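See structure below.
Residue numbers (our numbering): 248 to 679.
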């Protein structure tokens with residue numbers, strides 16, 4: 248699985264040479280960026296990263312017309328998202344998109360895209376590397392970031408270091424009991440955003456699907472209003488946005504008067520700041536776990552702003568209780584096994600209504616030398632997932648909500664309806 252970030256810039260031409268130099272400086276700083284994927288000679292079917300200081304990452308320069316700068320990248324991603332990692336190559340690549348006719352224009356749209364295999368990055372670390380790239384590109388100085396970093400610790404090793412043997416047994420045991428209780432008490436079927444009619448089996452999603460992306464933003468003033476309202480209501484921004492998505496989803500799912508259903512949300516959770524010691528965001532590595540899924544009967548989904556804030560409070564209480572119980576660390580111990588299981592045929596009876604991941608307040612600046620950062624859009628390839636996934640981030644005071652789904656099962660129109668409904672609910676929560 249790949250994850251990426253699109254950087255919409257406004258400014259002078261970015262030469263391939265300048266971007267290459269900046270990427271080379273990043274490779275000096277991050278071990279994963281200067282390493283090649285290799286087969287593990289002692290364990291067939293497993294892989295390792297081999298450090299090579301002479302290795303250079305792939306950088307694609309793709310011409311496009313200025314009028315296409317908002318959407319051209321989608322087609323490029325659709326055509327290349329299924330490309331597999333190649334033995335002997337890196338797990339990260341960079342794209343540069345701009346109009347050749349704007350080579351002498353001092354203020355034109357440019358796009359830089361970072362794409363990385365999810366196994367060696369998460370949203371926080373990938374965004375930090377993107378910020379570092381723009382810093383080097385604008386300053387032309389590799390030393391602005393400091394010395395080269397050591398190899399990052401894996402999530403599993405960080406969790407093992409954070410807990411004693413007895414602590415790991417207790418934490419994992421409590422999680423297993425909670426998971427069993429959740430499964431036994433979940434008597435209602437999972438509500439599902441309707442899948443489009445297709446002429447292939449879900450087993451063949453990888454062959455016939457591509458990823459669609461739909462995103463919306465609150466302006467800076469709206470974002471600040473949301474943050475202020477969250478403080479007054481004593482909930483997190485994640486909880487408020489999750490409440491809005493739940494309410495928007497409830498208007499799209501099929502409601503059965505005979506057989507009640509429930510909305511089920513898969514929740515991703517960061518383990519970096521929950522390990523001892525904490526893992527810095529600049530360590531390019533994967534540190535994403537989760538909590539027990541949040542559920543609410545579809546019929547109980549609120550329609551008033553007061554009910555939405557109450558739902559946000561309930562969601563936040565669930566997440567806090569789950570984290571305090573150690574579920575994030577427990578899931579982190581077995582995340583690799585969970586991914587292996589998900590490589591098989593999807594079981595719709597167990598797939599959540601949607602998933603959500605908040606990348607948080609990211610470290611970007613508004614201005615990088617001669618370039619203004621207009622927007623950043625996270626994305627990934629979800630061609631195996633028969634559910635939409637929401638990515639949340641705040642950049643330079645602007646909240647962005649991104650919905651990613653596998654088309655044609657979830658066509659762009661469905662994702663846009665989910666986006667529009669979510670922003671509508673958020674604005675209702677803010678203004679009342």
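Glycine is no exception: its CB is placed at the ideal position from the N, C-alpha and C atoms. Fair warning: this is a prediction, and the values are worked out from it, not measured in the lab.
Contacting residues, own chain, Cβ-Cβ under 6 Å from residue i (five flanking each side not counted)
{"i": "residue 513", "result": "540, 599 and 602"}
{"i": "residue 646", "result": "465 and 470"}
{"i": "residue 680", "result": "The question about residue 680 has no answer here: the residues shown for the chain are numbered 248 through 679."}
{"i": "residue 311", "result": "319 and 344"}
Pairwise C-alpha distance: residue j and residue i
{"i": "residue 354", "j": "residue 259", "result": "5 Å"}
{"i": "residue 273", "j": "residue 384", "result": "10 Å"}
{"i": "residue 650", "j": "residue 499", "result": "14 Å"}
{"i": "residue 535", "j": "residue 347", "result": "39 Å"}
{"i": "residue 560", "j": "residue 298", "result": "47 Å"}
{"i": "residue 568", "j": "residue 445", "result": "40 Å"}
{"i": "residue 320", "j": "residue 362", "result": "12 Å"}
{"i": "residue 422", "j": "residue 450", "result": "30 Å"}
{"i": "residue 328", "j": "residue 413", "result": "42 Å"}
{"i": "residue 515", "j": "residue 400", "result": "20 Å"}
{"i": "residue 287", "j": "residue 454", "result": "28 Å"}
{"i": "residue 266", "j": "residue 528", "result": "23 Å"}
{"i": "residue 481", "j": "residue 394", "result": "40 Å"}
{"i": "residue 306", "j": "residue 411", "result": "44 Å"}
{"i": "residue 255", "j": "residue 302", "result": "28 Å"}
{"i": "residue 625", "j": "residue 586", "result": "21 Å"}
{"i": "residue 619", "j": "residue 275", "result": "26 Å"}
{"i": "residue 262", "j": "residue 352", "result": "13 Å"}
{"i": "residue 292", "j": "residue 643", "result": "43 Å"}
{"i": "residue 326", "j": "residue 360", "result": "15 Å"}
{"i": "residue 621", "j": "residue 358", "result": "10 Å"}
{"i": "residue 554", "j": "residue 547", "result": "10 Å"}
{"i": "residue 424", "j": "residue 580", "result": "16 Å"}
{"i": "residue 428", "j": "residue 578", "result": "16 Å"}
{"i": "residue 356", "j": "residue 616", "result": "15 Å"}
{"i": "residue 463", "j": "residue 597", "result": "29 Å"}
{"i": "residue 628", "j": "residue 593", "result": "16 Å"}
{"i": "residue 295", "j": "residue 522", "result": "24 Å"}
Beta carbon of residue i nearer than 8 Å to that of residue j
{"i": "residue 673", "j": "residue 510", "result": "no"}
{"i": "residue 284", "j": "residue 251", "result": "no"}
{"i": "residue 461", "j": "residue 659", "result": "yes"}
{"i": "residue 563", "j": "residue 497", "result": "no"}
{"i": "residue 570", "j": "residue 538", "result": "yes"}
{"i": "residue 549", "j": "residue 477", "result": "no"}
{"i": "residue 402", "j": "residue 582", "result": "yes"}
{"i": "residue 418", "j": "residue 573", "result": "yes"}
{"i": "residue 661", "j": "residue 491", "result": "no"}
{"i": "residue 655", "j": "residue 443", "result": "yes"}
{"i": "residue 633", "j": "residue 665", "result": "no"}
{"i": "residue 606", "j": "residue 370", "result": "yes"}
{"i": "residue 396", "j": "residue 379", "result": "no"}
{"i": "residue 552", "j": "residue 679", "result": "yes"}
{"i": "residue 641", "j": "residue 609", "result": "yes"}
{"i": "residue 575", "j": "residue 623", "result": "no"}
{"i": "residue 349", "j": "residue 408", "result": "no"}
Under the three-state DSSP convention, the category residue i falls into
{"i": "residue 611", "result": "coil"}
{"i": "residue 273", "result": "helix"}
{"i": "residue 249", "result": "strand"}
{"i": "residue 574", "result": "helix"}
{"i": "residue 294", "result": "strand"}
{"i": "residue 255", "result": "strand"}
{"i": "residue 366", "result": "helix"}
{"i": "residue 422", "result": "helix"}
{"i": "residue 598", "result": "coil"}
{"i": "residue 321", "result": "helix"}
{"i": "residue 593", "result": "coil"}
{"i": "residue 314", "result": "helix"}
{"i": "residue 332", "result": "coil"}
{"i": "residue 408", "result": "helix"}
{"i": "residue 536", "result": "strand"}
{"i": "residue 283", "result": "strand"}
{"i": "residue 352", "result": "coil"}
{"i": "residue 529", "result": "coil"}
Whole-number beta carbon distance between residue j and residue i, since they are thought to touch under 8 Å
{"i": "residue 337", "j": "residue 459", "result": "Between residue 459 and residue 337 the Cβ distance is about 27 Å, and since that is not below 8 Å, they are no contact."}
{"i": "residue 437", "j": "residue 508", "result": "7 Å"}
{"i": "residue 630", "j": "residue 457", "result": "6 Å"}
{"i": "residue 309", "j": "residue 253", "result": "Actually they do not touch by this definition, with Cβ atoms about 13 Å apart."}
{"i": "residue 545", "j": "residue 502", "result": "6 Å"}
{"i": "residue 340", "j": "residue 304", "result": "6 Å"}
Contact test: residue i Cβ vs the ligand SAH heavy atom, cutoff 7 Å
{"i": "residue 335", "result": "Questions concerning the ligand SAH fall outside what the structure shown contains, since it holds no ligand whatsoever."}
Neighbourhood of residue i by C-beta distance below 7 Å, restricted to the same chain and skipping five residues each side
{"i": "residue 367", "result": "279, 338, 531, 532 and 533"}
{"i": "residue 289", "result": "none"}
{"i": "residue 677", "result": "469, 472, 473 and 476"}
{"i": "residue 269", "result": "380, 383 and 384"}
{"i": "residue 332", "result": "284, 338 and 364"}
8 Å Cβ shell around residue i - same chain, five flanking residues per side excluded
{"i": "residue 426", "result": "539"}
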